[in-house]
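Residue numbers (the working numbering), protein chains in the order written: chain A, 525 to 1325; chain B, 90 to 254.
C-beta atoms are modelled at their ideal positions from N, C-alpha and C, and glycine is treated no differently.
No experiment lies behind these values; they were computed from the predicted model shown.
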Amino acid sequence: MSRPAGRLDVVGQPLPRVDAATKVTGVAVYADDIVLPRMLHCRILRSPHPHARILSVDASAARRIPGVSAVLTGQDLPVRFGIMPVSQDERALEFEKVRYVGDPVAAVAAVDEETAAAALDAIRVEYEVLEAVTSIEDGLREPKDEPIHDRAHTRRPFNVHRQLAYDFGDVDAGFARADHIREDVFFYQGSTHLPMEQHSAVATFVDGRLTLWSSTQVVHYVHRALARVLELPLNRIRVIGAAHGGGFGGKTDPFAHEIVVSKLAMVTGRPVKCTLTREEVFYTHRGRHPVLMWIRTGVTRDGRITAMHYRSALDGGAYGSYGPASVFYTGTLQTTTYDIPAYRFESVRVFTNKAPCGPKRGHGTPQGRFGIELHLDKIAEELGLDPVEMKRRNFVRPFTRAVNWLRITSCGLEECADRVLTASDYRRRERRPGRGMGFAISSYMSGAGTAIYWNEMAHSEVQLKVDRTGVTAYCGAMEIGQGSDHVLATVVAEELGIEPREVRLVTADTDTTPVDLGSYSSRVTFMAGNAALQAARRMRDLLVEAVAEKMGVHGDLSEIEVGGGRIGDLTFEEACVLGTTRFGALSTSGSYRPPRIGGPFKGSGVGPSPAYSYSACVIDLDADARTGLIDVRRVWIAHDVGRAINPLLVVGQVEGSVYMALGEALMEEQAYRNGRHRWPTMLEYKSPTFLDMPEIETFIVETVDPEGPYGAKEAGQGPLLPVMPALVAAVHDALGVWVDEVPVTPEKVLRALEARTRGGAPRYGPRAFPAFDFGERIQVEPPDPRDLRVGDELEEAFRGA
Amino acid sequence: MLNELDRPVQREVLSLEVNGEDHHVLVAVHATLLEVLREDLGLTGTKHGCELGECGTCTVLVDGRPELSCLLLPVQLEGRKITTVEGLGSTAELHPLQQAFAELGAAQCGYCTPGMLLAASALLQERPRPGRDEIREALAGNLCRCTGYAKIVEAVELAARRTAR
């Protein structure tokens, strides 16, 4: 060690982010800001029908318009693609059938956007309209006309996309042991990411090489999709992440417009740009799945869970996208907050003729979290127990293994709960009609334990270069506003004893940076952070060795102190000169791959993470029984981030999560009427403004995870999760009625109150879960809760068994 | 949708004063200020989120007042003073609001930031020490999806404290 153990210089400091100056001056170059010589503009023709066969596409008139350089139709890009190997079901431009309003059919490159738009008007598409499938219930039935996707592709009945059924442990015995059993049904409405920046991409094709700048969260996956559809070798494609105007999961798939501008650049030999309109962004979507849930839980008299049976049905929209993972996420992480000794999990995802759903902040887990938190609240109410106390009795313990094999390491659940309960004075809250508080908890992954496509390579790689002028870090990680660049710079700076601003960064460029899988599943701090840490420690060792030689220090090099811009007697700059003199060009690398964590069963790859973050939330609100209006007064939220690499950024992620959660809880809806989006504009799609936001009090809890970089876990997604159930619990506390679905609109509050007045159940929400045969359940033998083995040790244990 | 090419496009030469500089541009009369700033003058610091006047992202100042550049026609703006984020400050010398936004983490993805800054600068011109509710009211037409607005409010307060002294 070259400094006192535990001393950290820049990690933990609330420094301004390294990209702050370029962002506050408008200098940062976003994809739509890119202008290249002779650049053409692209517009995409999209389906006006939710479900139709394409009989013919006639683009001849469009091609004759002066200023039009090229028109593409589906036959030009016939290869199917999709983010997951098992969901290669999209085409950049469809020529057989369209599956949602907004499905791309043709594209034009022209001298300007107006000419391109005029050319779209001149394209004649003949459709044979088919009956649209628009609900979960319809998706589970025989369709009137035909399934949305070819059954030969899905190999499942009707419009079922994926289904799963598991028994973890002896569920029937668990229910037999219960003193009390309760069932509930919940619905979670879909919502969209609504990034302020519309998706945009610019492509060039020069000397047989394609370059694409895009507002994507995943340059690596876009790279692979381009190679597949364009049938070009990977080494002839370069994907660069432009400055990014917000993703939240909405820019995590490869998209039609990225493929189309690339093909148009190849066809025309000129740069081509496509920027989506706001309306197109609503159709591009990949947002929160609408999910119907049914939960049945057995508990002992004192509220200890003995068994849980959880069912979910997802409205997937028109394509697979991340759906094969989403279907797991709605139920898999229930076991990382509560100790569930036996767990039956059944889920189904259906295709519908709506914009495709995918990952939105929290990916699949907010819906399940909403259900389980409220379900436990209701059980507590029925048993006459305090809901907070009953939940605490079931909290998971740190360093244990859940019934579905998920390994829990650091866990700040107790401390998170304490912080928000104390700060809000929850126990002594004012009890009067119209005023209420609610409490909920959650956990989230610090990166998925498996890659999207199966491979044994690292999930994140970092290279460092030291030359005579300083240090540069190269990493494929994509800054999307969350602070990925700042985390990389901070880790390198900490190890080399300099300030983050002194680290030059080259990121998210598939030609010049090593691979990082992208900004999704809250993986960057943990995985790119660990890769950067390894690379930086190796670089530090080289520089220290050179300095030691100069200083005449031999043997124990720990007396060479690194920090404050110095390495031993030398400044960092001098050390760089010395290092390159001693070794020549200096480079080191680091990489990170999560260990195998999942259990010995098919489907165990979704849910494992090297570490889980934990959150707890209390909401205080007024709810008006006459109008149904809800006024959130204050939100207290505590988040176990492991270690805050930069507390300023962590608080920013927590506050942003609470904001996005309140939007979903109170107003946001990606809703449809007859297969058409009800409000594809920012005015009518309601999202919270400055005036809608309450004060948020954030508590950072640091549990210093043994495997995270400096102990860090995640902050970008977990803190969203407890907000929606805490809000509904607070409404119940205020008015005595349950609104068992989001968004909690005034109308739903009033209908719940009316139901009570009429003598019915004091609630508003779905009544039943549709009948569906989930098929034979996979029986999984639960692990010993103390068995924390991972990686090779675990693999060997499975081989032995 | 109307076919724009079915009728002749009328163009005019305009003189626009942007960030204290005079520009002479030949523009279609139906082009918006947003389009002219970004595409003809290369001032890409002004962003767009909807081009329908709904999100506030394209906010600029016209004679010191915040306006949505996606809804303005430059033909109406000759003789008026237009300010974009490029006219507020530079990376070498940040405006106090830019400094405060940077220090407090009020810009995450940074896309709504130019519009926020201009709306906030107009507020501080009119009300050098605004209260929290006044800040929220003044910025309520500008949407941000990253920050939850909290850090933006704090940054405007900080800039106000520093400049109103």
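Inset, instruction - Take the Cβ of Q1006 (chain A) as the centre, count every other Cβ of all protein chains shown within 10 Å, and call the residue buried at 16 or more, exposed below. - result: Classification of Q1006 (chain A): buried, given that the 10 Å Cβ count is 16 or more.
Legend entry - is_contact[S948 (chain A), chain B] using C-beta, thresh 9 Å: False, the Cβ-Cβ gap to chain B never drops below 9 Å.
Legend entry - Listed by chain order, chain A residues near V174 (chain B) by CB distance under 7 Å: At a C-beta separation below 7 Å, V174 (chain B) has these neighbours in chain A: T549 and G550.
Legend entry - N- and C-terminal bounds of the beta strand (DSSP E) containing A837 (chain A): Boundaries of the beta strand (DSSP E) around A837 (chain A): I829 to D839.
Inset, instruction - Output the boundary residues of the beta strand (DSSP E) element that contains C201 (chain B). - result: First-last for C201 (chain B): undefined, no H or E at that position.
Inset, instruction - With DSSP as the reference, please indicate the residues paired to A997 (chain A) in a beta bridge. - result: Partner(s): A:L988 and A:L1029.
Inset, instruction - Tell me whether the beta-carbon of V174 (chain B) lies closer than 9 Å to the beta-carbon of T135 (chain B). - result: Yes, they are a contact pair.
Legend entry - Buried versus exposed call for A248 (chain B) [16 or more other C-beta atoms within 10 Å across all chains shown]: Looking at its Cβ environment, which holds 16 or more other Cβ atoms inside 10 Å, A248 (chain B) is buried.
Inset, instruction - Give a yes or no on whether the minimum CB-CB distance between N231 (chain B) and chain A is below 9 Å. - result: Interface residue, yes.
Inset, instruction - Below 8 Å CB to CB, which residues in the same chain sit around F902 (chain A) once its five sequence neighbours on both sides are set aside? - result: Per the sequence presented here, residue 902 (chain A) reads as Lys, with Phe not at that position. Within the same chain, and ignoring the five residues on either side of K902 (chain A) in sequence, the residues whose Cβ sits closer than 8 Å to its Cβ are R706, D708 and W1262.
Legend entry - Which listed residue (A:A1109, A:T1034, A:V986 and A:P1124) has its alpha carbon closest to that of L1061 (chain A): Note that residue 1061 (chain A) corresponds to Arg in the displayed sequence, not to Leu. For the residues A:A1109, A:T1034, A:V986 and A:P1124, the minimum Cα distance to R1061 (chain A) belongs to A:V986.
Inset, instruction - Determine, using beta carbons only, whether D543 (chain A) comes closer than 9 Å to chain B. - result: Chain B contact via Cβ: present.
Inset, instruction - Within 10 angstroms of the Cβ of G811 (chain A), are there 16 or more other Cβ atoms? Answer buried if so, exposed if not. - result: Taking a 10 Å sphere around the C-beta of G811 (chain A), we find 16 or more other C-beta atoms and assign the residue as buried.
Inset, instruction - Determine the contact status of H685 (chain A) and V851 (chain A), defining contact as a CB-CB distance below 9 Å. - result: Contact: yes.
Legend entry - Completely contained alpha helix (DSSP H) runs for the stretch 1084-1143 of chain A, where each covers 4 or more residues: Fully enclosed alpha helix (DSSP H) runs of 4 or longer: 1096-1107.
Inset, instruction - Measure the alpha-carbon distance for E317 (chain B) versus L539 (chain A) and round it to whole angstroms. - result: The displayed coordinates of chain B run from 90 to 254. Any statement about residue 317 (chain B) would go beyond what the structure contains.
Inset, instruction - Just confirm the distance between the C-beta atoms of A837 (chain A) and A866 (chain A), as a whole number of angstroms; I'd bet it's less than 8 Å. - result: Their Cβ separation, rounded to whole angstroms, is 22 Å, which puts A837 (chain A) and A866 (chain A) out of contact at 8 Å.
Inset, instruction - Please compile the residues from chain B whose C-beta is within a distance smaller than 8 Å of the C-beta of I829 (chain A). - result: Ordered by position in chain B, no residue passes the 8 Å Cβ test against I829 (chain A), which lies about 33 Å from the chain.
Inset, instruction - Determine the extent of the alpha helix (DSSP H) in which R916 (chain A) is found, giving its start and end residues. - result: Run containing R916 (chain A): P911 to R917, per the alpha helix (DSSP H) assignment.
Inset, instruction - Give the range of the alpha helix (DSSP H) segment to which K787 (chain A) is assigned. - result: A780 to T792 is the extent of the alpha helix (DSSP H) around K787 (chain A).
Inset, instruction - Would you check if the distance between the CB atom of F699 (chain A) and the CB atom of Q1194 (chain A) is smaller than 9 Å? - result: No, these two residues do not count as a Cβ contact at 9 Å.
Inset, instruction - Alpha carbon to alpha carbon, how far is S611 (chain A) from F1107 (chain A)? Give it in angstroms, no decimals. - result: So the alpha carbons of these two residues sit roughly 48 Å apart.
Legend entry - Where A253 (chain B) falls: helix, strand or coil (DSSP): It is coil, neither helix nor strand.
Legend entry - Three-state secondary structure assigned by DSSP to L228 (chain B): L228 (chain B): helix per DSSP, three-state reduction.
Inset, instruction - Report all residues from its chain with a CB closer than 6 Å to the CB of I764 (chain A); omit the five preceding and five following residues, and keep chain order. - result: Short of 6 Å from the beta carbon of I764 (chain A), and not among the five residues preceding or following it, lie these beta carbons of its own chain, in chain order: W737 and D1033.
Inset, instruction - Could you please give the first and the last residue of the uninterrupted alpha helix (DSSP H) stretch that includes I896 (chain A)? - result: Per DSSP, the continuous alpha helix (DSSP H) segment holding I896 (chain A) begins and ends at T889 to L907.
Inset, instruction - Report yes if the CB atom of G199 (chain B) is closer than 9 Å to the CB atom of K547 (chain A), and no otherwise. - result: Contact: yes.
Inset, instruction - Could you please give me the residues that DSSP links to A248 (chain B) through a beta bridge? - result: According to DSSP, which records beta bridges pairwise, A248 (chain B) is partnered with nothing at all.
Legend entry - Which of helix, strand or coil DSSP assigns to R925 (chain A): Three-state result, R925 (chain A): strand.
Legend entry - Pair within 9 Å by beta-carbon distance, L900 (chain A) and R825 (chain A): Contact flag unset, no.
Inset, instruction - Using a Cβ-Cβ cut-off of 9 Å, state whether L1190 (chain A) counts as contacting chain B. - result: In terms of beta-carbon proximity, L1190 (chain A) stays away from the interface with chain B, with every pair separated by 9 Å or more.
Legend entry - Within-9 Å CB hit, V107 (chain B) to chain A: No, V107 (chain B) lies away from the interface with chain A (no Cβ there is under 9 Å from its Cβ).
Inset, instruction - Report yes if the C-beta distance between V927 (chain A) and V535 (chain A) is below 9 Å; otherwise report no. - result: Not a contact, by the Cβ cut-off of 9 Å.
Legend entry - Contact set for M525 (chain A): own chain, Cβ-Cβ below 7 Å, skip 5 residues either direction: The predicted model places M525 (chain A) with a pLDDT of 34, which falls under 50 and marks its position as unreliable; any figure quoted below should be read in that light. Here the set comprises S1082.
Inset, instruction - Report yes or no: is there a C-beta of chain A within less than 9 Å of the C-beta of S104 (chain B)? - result: It does not; no Cβ of chain A falls within 9 Å.
Inset, instruction - Please decide whether T767 (chain A) counts as near chain B, where near means a Cβ-Cβ distance under 9 Å. - result: Inspection of the sequence shows that residue 767 (chain A) is occupied by Ala rather than by Thr. It does: the Cβ of A767 (chain A) has a partner Cβ on chain B nearer than 9 Å.
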